[in-house]
């Protein structure tokens, strides 16, 4: 009689079964996974019963915090009511309709993006930016501009990891061995005042120089071939890079001169993260297209959204009789369960004042970090807006000299923080570490996050000595 195989632990099953995204396969096979079992508020608990303060909100995305019964009820109610139906061939559902209207209201009325006219729903930030690439091509073909297809991204940008979105991402790690980027993507300089501003160059002057460099790049490529420029209001994965004062004002002037669309990637910055509803409002952006995800549902359901301007919508509408269907979409576009979760999520953000809380708690956290670390020999800069903050580490403070060899100092700090019960995220571009706790974080939790982080930096400093 054959005996069943002996039971294996979750760690053993994971190592034998799962190919993890953005993970060192060697480390995962050696060390096993970090298995999470539950979450509540700003904390998560692992499979061994240890609880951690999550100062990263997953991947910048659990805006309303963990364990929200309101979102679970919204999902369960909609699963019982409809569960699923597609949005192809003009089919729709009430949650999708109401969510599209509400997101447009937030963009127009709360963020000043009055030109935005329609919403297309998808599943992830990556597919939102894939959709943008297709829309840019489609729009210029409709206008009789078939050469106008190139998209300008920026070094250090993160726009996703599908073939098109991964090509827009400006971080070499994500291109290696994947034959990326694809043709038609060019990269401009990233705005990085700390690293790239010249001695004595003020923010306005630096912004003017960056805009001039962008215009020179467009002219080298030929403006008749450049279709769009894509940018995060604050660059996230690339190091929490805050634009210098006047940067987007000048960039938008360049884009208008050359008839180039502006795509605002709000996947991280949107839905309260910066202490405003969107980075679009914070920086006075007037985008033609907007990408959203993450905070749309606080990651309780995989859902993305693309907003298109009135000008683009009119071009699509005018071409409909000739071309027939708008032949783009996903099985799960406008998913009724995701849309119901999105509506309940926006209810929580509004009713609990989480946008204003992000501004207050972000200022409190930054104040603690500056008080505890501003003079630390390995802390180069603390930067960010709202609850999107970054710390850049250096080997030598005065010269801003980076550390020479991996693992990065940020990874050492991340490991030490986890030992102390704090989850933070070392970023893959520059020696930087990010904070993005849930927008529901309270003052006592912010104080504890800062206390644990300062201690972790001290631990890592002793390790490096």
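Numbering (my numbering), first residue to last: 187 to 651. By construction, the Cβ of each residue, glycine as well, lies at the ideal position given by its N, Cα and C atoms.
From which residue to which residue does the beta strand (DSSP E) around residue i run?
i, result
"residue 237", "237–240"
"residue 230", "229–232"
"residue 349", "From DSSP, residue 349 is part of no beta strand (DSSP E) but of the alpha helix (DSSP H) over 349–354."
"residue 477", "475–478"
"residue 482", "Note, residue 482: premise wrong, no beta strand (DSSP E); not H, not E."
"residue 357", "No beta strand (DSSP E) contains residue 357, which DSSP labels as neither H nor E."
"residue 451", "447–451"
Using a threshold of 8 Å, state whether the C-beta atoms of residue i and residue j are closer than that.
i, j, result
"residue 450", "residue 476", "yes"
"residue 334", "residue 412", "yes"
"residue 575", "residue 604", "no"
"residue 250", "residue 484", "yes"
"residue 394", "residue 362", "no"
"residue 419", "residue 465", "yes"
"residue 307", "residue 282", "yes"
"residue 638", "residue 239", "yes"
"residue 530", "residue 292", "no"
"residue 355", "residue 313", "no"
"residue 595", "residue 646", "yes"
"residue 580", "residue 619", "no"
"residue 275", "residue 315", "no"
"residue 532", "residue 640", "no"
"residue 321", "residue 302", "no"
"residue 448", "residue 482", "no"
Span of the alpha helix (DSSP H) holding residue i?
i, result
"residue 639", "629–650"
"residue 224", "Counting along the chain, residue 224 falls outside any alpha helix (DSSP H), though it belongs to the beta strand (DSSP E) covering 222–226."
"residue 211", "211–217"
"residue 541", "540–559"
"residue 535", "522–537"
"residue 434", "433–443"
"residue 287", "280–291"
Who are residue i's beta bridge partners in DSSP?
i, result
"residue 608", "239"
"residue 252", "227"
"residue 505", "Looking at the DSSP assignment, residue 505 forms no beta bridge with any residue, so it has no partner."
"residue 372", "338"
"residue 426", "Residue 426 pairs with nothing; no bridge assigned."
"residue 577", "568 and 619"
"residue 421", "427"
"residue 307", "491"
"residue 415", "338 and 448"
"residue 582", "587"
"residue 205", "Looking at the DSSP assignment, residue 205 forms no beta bridge with any residue, so it has no partner."
As a quick exercise: from the options, pick the residue whose alpha carbon is nearest that of residue i.
i, options, result
"residue 473", "439, 357, 483 and 484", "439"
"residue 242", "641, 589, 573 and 591", "573"
"residue 512", "645, 255 and 273", "273"
"residue 549", "379, 623 and 339", "623"
"residue 342", "386, 255, 381 and 318", "381"
"residue 401", "446, 514 and 568", "446"
"residue 210", "360, 267, 365 and 297", "360"
"residue 246", "515, 601 and 486", "486"
"residue 648", "244, 259, 563 and 288", "563"
"residue 488", "495, 286 and 480", "480"
"residue 415", "389, 388, 443 and 424", "443"
"residue 311", "330, 478, 396 and 636", "478"
"residue 285", "302, 317, 386 and 525", "525"
"residue 607", "583, 617, 636 and 585", "636"
"residue 317", "492, 392, 252 and 329", "492"
"residue 367", "457, 295 and 353", "353"
"residue 642", "586, 585, 583 and 565", "565"
"residue 497", "408, 586 and 325", "325"
"residue 223", "255, 405, 234 and 216", "234"
"residue 621", "587, 583, 650 and 547", "547"
"residue 254", "406, 212, 527 and 505", "527"
Residue i: beta carbon under 7 Å from a heavy atom of the ligand ZN?
i, result
"residue 536", "Looking at this structure, you won't find the ligand ZN or any other ligand, since it has none at all."
Would you please verify whether the beta carbon of residue i is less than 8 Å from any beta carbon of chain B?
i, result
"residue 500", "Among the chains in the structure shown there is no chain B, since it carries only a single protein chain."
(Q) Pairs of beta-carbons, one from the segment 221–233 and one from the segment 616–631, closer than 8 Å: are there three or more? (A) yes
Q) Taking contact to mean at least 3 C-beta pairs separated by less than 8 Å, is the segment 456–465 in contact with the segment 601–613? A) no
Q.
Under 8 Å, with one C-beta from each stretch per pair, do the segment 516–532 and the segment 341–357 reach the 3-pair mark?
A. no
(Q) Taking 8 Å as the cut-off, does the segment 261–278 touch the segment 520–539 (at least 3 CB pairs, one atom from each stretch)? (A) yes
Q. Would you say the segment 422–432 touches the segment 366–381, given that touching needs at least three Cβ pairs under 8 Å?
A. yes
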